[in-house]
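Q: Chains as they are written, first to last, in my numbering: chain S, 12 to 200; chain R, 12 to 200; chain Y, 12 to 200; chain U, 12 to 200.
Note that the Cβ used here is the ideal one computed from N, Cα and C, for glycine as well.
Only a predicted model underlies this, so the values are computations on that prediction, with no experimental measurement involved.
Before we start, here is the structure in question, set down as structure tokens.
4 protein chains.
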Amino acid sequence: MNKNTTVEKIKAPELITAGWLNTSEPVTLASLRGKVVLMHAFQMLCPGCVQQGIPQTQQVFNEFDPERVAVIGLHTVFEHHAVMGRDALEVFAYEYRLRFPIGIDKPNEKQVIPHTMMTYHMQGTPTTILIDKTGHLRLHKFGHVSDFLLGVSIGTLLAEEVSDEELAASADDQPEETQSGCDDEGCRI
Amino acid sequence: MNKNTTVEKIKAPELITAGWLNTSEPVTLASLRGKVVLMHAFQMLCPGCVQQGIPQTQQVFNEFDPERVAVIGLHTVFEHHAVMGRDALEVFAYEYRLRFPIGIDKPNEKQVIPHTMMTYHMQGTPTTILIDKTGHLRLHKFGHVSDFLLGVSIGTLLAEEVSDEELAASADDQPEETQSGCDDEGCRI
Amino acid sequence: MNKNTTVEKIKAPELITAGWLNTSEPVTLASLRGKVVLMHAFQMLCPGCVQQGIPQTQQVFNEFDPERVAVIGLHTVFEHHAVMGRDALEVFAYEYRLRFPIGIDKPNEKQVIPHTMMTYHMQGTPTTILIDKTGHLRLHKFGHVSDFLLGVSIGTLLAEEVSDEELAASADDQPEETQSGCDDEGCRI
Amino acid sequence: MNKNTTVEKIKAPELITAGWLNTSEPVTLASLRGKVVLMHAFQMLCPGCVQQGIPQTQQVFNEFDPERVAVIGLHTVFEHHAVMGRDALEVFAYEYRLRFPIGIDKPNEKQVIPHTMMTYHMQGTPTTILIDKTGHLRLHKFGHVSDFLLGVSIGTLLAEEVSDEELAASADDQPEETQSGCDDEGCRI
Numbered sequence: 012m013n014k015n016t017t018v019e020k021i022k023a024p025e026l027i028t029a030g031w032l033n034t035s036e037p038v039t040l041a042s043l044r045g046k047v048v049l050m051h052a053f054q055m056l057c058p059g060c061v062q063q064g065i066p067q068t069q070q071v072f073n074e075f076d077p078e079r080v081a082v083i084g085l086h087t088v089f090e091h092h093a094v095m096g097r098d099a100l101e102v103f104a105y106e107y108r109l110r111f112p113i114g115i116d117k118p119n120e121k122q123v124i125p126h127t128m129m130t131y132h133m134q135g136t137p138t139t140i141l142i143d144k145t146g147h148l149r150l151h152k153f154g155h156v157s158d159f160l161l162g163v164s165i166g167t168l169l170a171e172e173v174s175d176e177e178l179a180a181s182a183d184d185q186p187e188e189t190q191s192g193c194d195d196e197g198c199r200i
Numbered sequence: 012m013n014k015n016t017t018v019e020k021i022k023a024p025e026l027i028t029a030g031w032l033n034t035s036e037p038v039t040l041a042s043l044r045g046k047v048v049l050m051h052a053f054q055m056l057c058p059g060c061v062q063q064g065i066p067q068t069q070q071v072f073n074e075f076d077p078e079r080v081a082v083i084g085l086h087t088v089f090e091h092h093a094v095m096g097r098d099a100l101e102v103f104a105y106e107y108r109l110r111f112p113i114g115i116d117k118p119n120e121k122q123v124i125p126h127t128m129m130t131y132h133m134q135g136t137p138t139t140i141l142i143d144k145t146g147h148l149r150l151h152k153f154g155h156v157s158d159f160l161l162g163v164s165i166g167t168l169l170a171e172e173v174s175d176e177e178l179a180a181s182a183d184d185q186p187e188e189t190q191s192g193c194d195d196e197g198c199r200i
Numbered sequence: 012m013n014k015n016t017t018v019e020k021i022k023a024p025e026l027i028t029a030g031w032l033n034t035s036e037p038v039t040l041a042s043l044r045g046k047v048v049l050m051h052a053f054q055m056l057c058p059g060c061v062q063q064g065i066p067q068t069q070q071v072f073n074e075f076d077p078e079r080v081a082v083i084g085l086h087t088v089f090e091h092h093a094v095m096g097r098d099a100l101e102v103f104a105y106e107y108r109l110r111f112p113i114g115i116d117k118p119n120e121k122q123v124i125p126h127t128m129m130t131y132h133m134q135g136t137p138t139t140i141l142i143d144k145t146g147h148l149r150l151h152k153f154g155h156v157s158d159f160l161l162g163v164s165i166g167t168l169l170a171e172e173v174s175d176e177e178l179a180a181s182a183d184d185q186p187e188e189t190q191s192g193c194d195d196e197g198c199r200i
Numbered sequence: 012m013n014k015n016t017t018v019e020k021i022k023a024p025e026l027i028t029a030g031w032l033n034t035s036e037p038v039t040l041a042s043l044r045g046k047v048v049l050m051h052a053f054q055m056l057c058p059g060c061v062q063q064g065i066p067q068t069q070q071v072f073n074e075f076d077p078e079r080v081a082v083i084g085l086h087t088v089f090e091h092h093a094v095m096g097r098d099a100l101e102v103f104a105y106e107y108r109l110r111f112p113i114g115i116d117k118p119n120e121k122q123v124i125p126h127t128m129m130t131y132h133m134q135g136t137p138t139t140i141l142i143d144k145t146g147h148l149r150l151h152k153f154g155h156v157s158d159f160l161l162g163v164s165i166g167t168l169l170a171e172e173v174s175d176e177e178l179a180a181s182a183d184d185q186p187e188e189t190q191s192g193c194d195d196e197g198c199r200i
């Protein structure tokens with residue numbers, strides 16, 4: 012069933028963010044090797060996100076050991092930027108009692124789509140992304156994902172056995188310059 | 012079933028607002044005599060409002076002839092005022108495709124509770140209010156109201172027969188000074 | 012909203028039954044004058060009945076004073092008669108914890124549709140029927156009825172005021188021979 | 012999350028049945044090696060089965076390639092036997108449009124619990140059972156299982172890699188006499 016929505020074996024690009032909520036340190040995908048990662052890209056005023064995606068993401072966050080499944084929110088604002096700033100997002104996260112780390116996708120000076128959203132070629136919000144233990148993109152889906160499909164996908168990735176050698180290799184293969192913010196303005200050395 | 016949640020025969024106080032969306036003219040309760048009025052008091056970042064109250068209010072708005080049942084939203088901001096201003100509310104109404112008139116409860120200079128919310132002694136959001144054809148408060152409930160209870164209550168008020176004399180009398184009984192904004196700062200003459 | 016599904020002012024025909032569950036006495040509509048009557052016609056192996064209609068009917072039964080709203084089930088078997096007999100129905104009612112009276116629509120010797128179902132021209136199951144305080148048919152709908160619509164309809168009928176004279180008149184207007192079972196085999200005198 | 016409900020590495024006992032629906036041949040677990048097996052044990056008049064378990068089982072049946080996930084129903088009647096016989100079950104399966112194979116758990120002459128239900132020590136209905144590619148019991152849960160948990164569990168079992176040698180070994184390890192029906196009447200040699 013999950014063939015159509017799976018992108019196999021492309022390295023998940025590192026996040027490019029302007030800040031974080033619910034964490035003292037910025038989260039990098041590189042730091043999550045060995046875990047399955049669920050990333051929920053949303054906008055706080057997007058009905059499909061608020062009514063379906065966010066509650067589903069909270070369910071995953073509540074049910075799994077964070078050492079096995081890491082849950083990340085990503086606030087990918089591409090419209091109405093003025094009323095979805097960090098202060099509004101903080102109130103949203105407080106009112107909806109969100110506890111998982113939420114990155115703020117870095118705004119793009121030249122266009123409305125923020126950096127990570129563009130790098131991932133997201134079609135809009137909500138977008139559900141799953142990354143496997145070695146940092147590869149395995150699910151990338153715009154719109155609603157059923158609890159059942161999400162469960163099957165997470166179960167599949169959890170069951171994959173990864174050797175210490177593979178993990179060590181996956182930790183190294185993210186070039187330093189990409190992690191520090193390679194974007195359409197060019198890559199910093 | 013609806014005994015507990017019904018407040019009988021108190022005149023519904025006039026709305027005290029700082030602006031309106033989805034209408035060219037401010038809406039007054041006095042102008043709605045002869046109709047059953049559903050007023051949904053909400054905050055745009057209140058989860059119970061967004062996930063239950065707002066969709067239910069839209070359903071009522073979609074299913075009834077507006078000549079029989081008038082639907083009004085009331086944005087009663089009592090916390091996080093900075094991120095729930097008019098500009099944010101407009102985006103919210105646009106994204107959620109709300110078409111019914113939405114009043115902005117008039118902020119209170121001396122405390123966080125806005126004027127209409129205080130006048131109605133609301134306990135929080137969401138609050139569901141039903142007003143009968145002669146302008147009396149008939150349902151006033153904080154929190155979730157089931158579709159079934161709301162339906163029974165609206166059906167009951169719709170079925171009540173009101174004579175032309177009663178309607179005419181109800182139009183007159185709202186003192187002018189109250190309509191123009193009697194509040195805790197005192198009443199203007 | 013409820014114009015389309017309302018049949019106005021036709022006298023609800025008396026029930027023609029072969030037995031009852033959850034009551035020591037057969038229930039007649041004539042005995043329920045002064046109350047709003049919800050009658051849910053179902054088959055115990057009909058998915059739409061079991062998954063939607065029966066839970067909704069139980070909700071109405073649980074929420075209303077039985078002196079104001081009388082709830083009746085009617086088992087209108089028109090297919091697979093062999094496995095939906097009284098013994099099976101009793102198990103069904105026990106397992107689903109149904110407490111309201113359930114009439115067994117009288118089987119018809121000459122065809123598959125039972126008597127009451129034919130008299131009411133029902134299109135299938137589930138069928139939801141509302142009868143007002145004076146015994147008139149006011150809602151007659153095949154398939155799913157939303158909680159909201161059912162609530163509005165019950166509220167409307169509850170609010171109708173009926174004088175003692177009207178009630179007394181309604182008690183008399185059901186001819187005796189019809190009550191005792193006028194069917195396609197002919198009417199007993 | 013699925014630690015509590017997982018029984019690890021016990022061989023799933025073979026089914027002991029009195030008949031099958033939706034298949035020309037009886038289904039044996041031995042014939043399903045190499046596939047993940049979902050077995051839903053139910054009774055046709057059990058509310059939790061009809062309102063939750065059966066629709067969930069149909070969803071799994073509809074979404075997966077039957078070469079990867081085999082779905083089986085098992086009608087484990089332990090009460091009201093008279094009205095849940097094969098003829099009634101056939102009507103139930105027809106009305107609910109069930110297409111997956113359904114075994115009829117073999118009635119036990121000496122007590123109400125049928126054979127397979129007893130062998131599996133089921134606590135009641137619905138019971139959800141998952142068997143891995145090598146025929147081991149991996150989930151055994153009485154009552155409601157969330158779509159999410161069921162998905163995670165199926166995904167986990169699907170992802171497990173099994174060598175041809177392991178599969179071949181698993182095919183052989185079911186003693187012939189057990190397959191032919193070892194029960195409380197004694198074991199045939």
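1) Taking Cβ to Cβ, would you say S:Thr130 is nearer than 7 Å to S:Val156?
2) Along chain R, in chain order, which residues have C-beta atoms closer than 8 Å to that of Y:Glu163?
3) Have a look at the DSSP bridge pairing and note the partners of Y:Lys152.
4) Taking the beta strand (DSSP E) that S:Val82 falls in, what are its first and last residues?
5) At least one CB of chain R closer than 7 Å to the CB of Y:Phe159: is that the case?
6) Apart from the five residues just before and just after U:Gln190, which ones in its own chain have a Cβ nearer than 7 Å to its Cβ?
7) Helix, strand or coil, according to DSSP, for Y:Asp116 in the structure here?
8) Along chain R, which residues have their Cβ under 7 Å away from the Cβ of Y:Gln70?
9) With DSSP as the reference, please indicate the residues paired to R:Ile21 in a beta bridge.
10) Going straight from the alpha carbon of R:Glu172 to that of U:Leu85, what length do you get?
11) I'd like to know if S:Ala99 contacts chain R, where contact means its C-beta is closer than 7 Å to some C-beta of that chain.
12) With a threshold of 16 other CB atoms inside 10 Å of the CB of Y:Ser35, please say whether the residue is buried or exposed.
13) Check whether the Cβ atoms of Y:Glu54 and Y:Val88 lie closer than 7 Å to each other.
14) Tell me, which residues are paired with R:Met50 by DSSP?
15) What runs of the alpha helix (DSSP H), each 4 residues or longer, lie entirely inside the stretch 91 to 116 of chain Y?
16) Within a Cβ cutoff of 8 Å, which residues of the same chain sit near Y:Glu78, ignoring the five residues on either side of it in sequence?
17) Opposite U:Thr28 in the DSSP bridges: which residues?
18) Spatial neighbours of U:Thr136 within its chain, please: CB distance less than 7 Å, with the 5 preceding and 5 following residues excluded, ordered by chain position.
19) Counting only beta-carbon atoms, is R:His92 nearer than 7 Å to chain S?
20) Mind the definition here: the stretch 157 to 177 of chain S touches the stretch 160 to 167 of chain U only if three or more C-beta pairs lie below 8 Å; say whether that holds.
21) Look at the alpha carbon of R:Lys22 and the alpha carbon of R:Val80, and state the distance between them as a whole number of angstroms.
22) U:Arg44: buried (16+ other C-beta within 10 angstroms of its C-beta) or exposed?
23) How would you list, in chain order, the residues of chain S whose beta-carbon sits under 7 Å from the beta-carbon of R:Leu56?
24) Roughly how many whole angstroms lie between the Cα atoms of Y:Gly146 and U:Glu120?
25) Determine, using beta carbons only, whether Y:Gln67 comes closer than 7 Å to chain U.
26) Which bits of chain U does Y:Gln62 rub up against, with CB to CB less than 9 Å?
27) By DSSP, does S:Ile124 sit in helix, in strand, or in coil?
28) So, with DSSP's three-state summary, where would you put S:Glu129?
29) Could you have a look at S:Phe89 and say whether DSSP puts it in helix, strand or coil?
30) Out of U:Glu90, U:Ile124, U:Ala99 and U:His92, which has the shortest C-alpha to C-alpha gap to Y:Ala93?
31) Could you please give the first and the last residue of the uninterrupted alpha helix (DSSP H) stretch that includes Y:Gly166?
32) Which of the three DSSP states is assigned to Y:Glu177 in this structure?
33) If you run the structure through DSSP and keep just helix, strand and coil, what is S:Ser35?
34) Near S:Glu101, what residues of its chain come up, given a Cβ to Cβ distance below 8 Å and the 5 sequence neighbours on each side ignored?
35) Could you give the DSSP three-state label for Y:Leu56: helix, strand or coil?
36) Quick one: residues in its chain with C-beta nearer than 6 Å to the C-beta of Y:Pro118, no 5 flanking neighbours on either side, listed in chain order?
A: Once the coordinates are examined:
1) Here residue 130 of chain S refers to the residue found at position 119 when the first sequence is read from its first residue. Here residue 156 of chain S refers to the residue found at position 145 when the first sequence is read from its first residue. Not a contact, by the Cβ cut-off of 7 Å.
2) In the third sequence, residue 163 of chain Y corresponds to position 152, counting from 1. Sequence check: residue 163 of chain Y is Val here, not Glu. Near Y:Val163 (Cβ distances below 8 Å), the residues of chain R are Gly162, Val163, Ile165, Gly166 and Leu169.
3) What you label residue 152 of chain Y is simply residue 141 of the third sequence in a count that begins at 1. Looking at the DSSP assignment, Y:Lys152 forms a beta bridge with Y:Thr139.
4) In the first sequence, residue 82 of chain S corresponds to position 71, counting from 1. Counting along the chain, the beta strand (DSSP E) containing S:Val82 begins and ends at Val80 to His86.
5) Position 148 of the third sequence, counting from 1, holds the residue named residue 159 of chain Y. Cβ-Cβ to chain R under 7 Å: yes for Y:Phe159.
6) The sequence position of residue 190 of chain U within the fourth sequence is 179, counting from 1. Note on U:Gln190: pLDDT 43, under 50, position unreliable in the model; the coordinate value appears next. Once the five neighbours on either side are set aside, the close Cβ partners of U:Gln190 are Glu25, Thr39 and Ala41.
7) For this step, residue 116 of chain Y is matched to residue 105 along the third sequence. Strand.
8) One-based indexing of the third sequence puts residue 70 of chain Y at position 59. Those within 7 Å of Y:Gln70 in chain R are Phe159.
9) By one-based count along the second sequence, residue 21 of chain R stands at place 10. According to DSSP, R:Ile21 bridges with R:Leu148.
10) As a position in the second sequence, residue 172 of chain R is number 161, starting the count at 1. As a position in the fourth sequence, residue 85 of chain U is number 74, starting the count at 1. When rounded, the distance between both Cα atoms is 58 Å.
11) Numbered from 1 along the first sequence, position 88 holds the residue referred to as residue 99 of chain S. Yes, its Cβ sits closer than 7 Å to a Cβ of chain R.
12) To locate residue 35 of chain Y, count along the third sequence from 1; it is residue 24. Per the 10 Å Cβ criterion, exposed.
13) Residue numbering aside, residue 54 of chain Y sits at position 43 when the third sequence is read from its first letter. Residue numbering aside, residue 88 of chain Y sits at position 77 when the third sequence is read from its first letter. The amino acid at residue 54 of chain Y is misidentified as Glu; the sequence shows Gln. Taking 7 Å as the Cβ cut-off, Y:Gln54 and Y:Val88 qualify as a contacting pair.
14) The count along the second sequence starts at 1 and reaches residue 50 of chain R at position 39. BP columns for R:Met50 point to R:Ile83 and R:Ile140.
15) 97 to 106
16) By one-based count along the third sequence, residue 78 of chain Y stands at place 67. Cβ within range, chain order: Lys46.
17) On the fourth sequence, position 17 is the one that residue 28 of chain U refers to. DSSP output for U:Thr28 lists U:Asp116 as bridge partner(s).
18) Stepping through the fourth sequence from its first residue, residue 136 of chain U is reached at position 125. Correct list, in chain order: Ala52, Phe53, Gln54, Cys57, Cys60 and Thr87.
19) Position 81 of the second sequence, counted from the first residue, corresponds to residue 92 of chain R. No, because no Cβ of chain S sits closer than 7 Å to the Cβ of R:His92.
20) yes
21) The residue you call residue 22 of chain R lines up with position 11 of the second sequence. The residue you call residue 80 of chain R lines up with position 69 of the second sequence. Spanning the two alpha carbons is a distance of roughly 18 Å.
22) Stepping through the fourth sequence from its first residue, residue 44 of chain U is reached at position 33. Label assigned to U:Arg44: buried.
23) Position 45 of the second sequence, counting from 1, holds the residue named residue 56 of chain R. In chain order: Val102, Phe103 and Glu106.
24) To locate residue 146 of chain Y, count along the third sequence from 1; it is residue 135. To locate residue 120 of chain U, count along the fourth sequence from 1; it is residue 109. When rounded, the distance between both Cα atoms is 53 Å.
25) Locating residue 67 of chain Y in the third sequence gives position 56, counting from the first residue. So no, Y:Gln67 is outside the interface.
26) As a first step, residue 62 of chain Y is located in the third sequence; it is residue number 51 there, counting from the start. Ordered by position in chain U, the residues that pass the 9 Å Cβ test against Y:Gln62 are Val61, Gln62 and Pro66.
27) What you label residue 124 of chain S is simply residue 113 of the first sequence in a count that begins at 1. S:Ile124 falls in the coil class under three-state DSSP.
28) In the first sequence, residue 129 of chain S corresponds to position 118, counting from 1. At residue 129 of chain S the sequence reads Met, which differs from the Glu that was named. In this structure, S:Met129 counts as helix in the three-state DSSP scheme.
29) Against the first sequence, residue 89 of chain S aligns to sequence position 78. If DSSP states are grouped into helix, strand and coil, S:Phe89 belongs with coil.
30) Taking the third sequence and counting its residues from 1, the one referred to as residue 93 of chain Y is at position 82. Measuring from the Cα of Y:Ala93, the nearest candidate turns out to be U:Ala99.
31) For the purposes of this step, residue 166 of chain Y is taken as the residue at position 155 of the third sequence. Unbroken alpha helix (DSSP H) run through Y:Gly166: Asp158 to Ala170.
32) Locating residue 177 of chain Y in the third sequence gives position 166, counting from the first residue. Note: Y:Glu177 maps to helix in three-state DSSP.
33) Numbered from its first residue, the first sequence carries residue 35 of chain S at position 24. S:Ser35: coil per DSSP, three-state reduction.
34) Counting from one through the first sequence, the residue named residue 101 of chain S turns up at place 90. Leu32.
35) The count along the third sequence starts at 1 and reaches residue 56 of chain Y at position 45. Three-state DSSP puts Y:Leu56 in coil, outside helix and strand.
36) As a working mapping, residue 118 of chain Y is identified with position 107 in the third sequence. Only Pro125 meet the Cβ criterion.
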